[in-house]
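Those letters in the sequence shown? Residues 419 to 477, per my numbering, in order.
Written below as structure tokens is the structure these notes are about.
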Amino acid sequence: LSIALIMVAALYLNFKLPPMYRTSNYFLIGSVLSAVILISIAVVNGWGLADKLVAMARG
Numbered sequence: 419l420s421i422a423l424i425m426v427a428a429l430y431l432n433f434k435l436p437p438m439y440r441t442s443n444y445f446l447i448g449s450v451l452s453a454v455i456l457i458s459i460a461v462v463n464g465w466g467l468a469d470k471l472v473a474m475a476r477g
């Protein structure tokens, strides 16, 4: 999750740069897709961990 948050922050900072210093569109699309994939994986893992914790709490 922390790597995904760092990627989102990097994407945000990329848009704060002047247009001359921004990354190319191909790199931007790849970065957005990578961030979405990492966030999706973090959500799935978090959901599975929450299920295990609830099952342990129930006994």
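Ideal Cβ positions, reconstructed from N, Cα and C, are used throughout, including at glycine.
Going straight from the alpha carbon of residue i to that of residue j, what length do you get?
i, j, result
"P436", "I421", "25 angstroms"
"I424", "L451", "14 angstroms"
"V472", "V462", "15 angstroms"
"L429", "D469", "32 angstroms"
"L467", "L419", "14 angstroms"
"L446", "M474", "42 angstroms"
"T441", "S458", "24 angstroms"
"Y439", "G464", "36 angstroms"
Which first and last residues belong to the alpha helix (DSSP H) in which residue i is found?
i, result
"Y444", "443-476"
"M425", "420-434"
Are residue i and residue j close, meaning C-beta to C-beta below 8 angstroms?
i, j, result
"V426", "A453", "yes"
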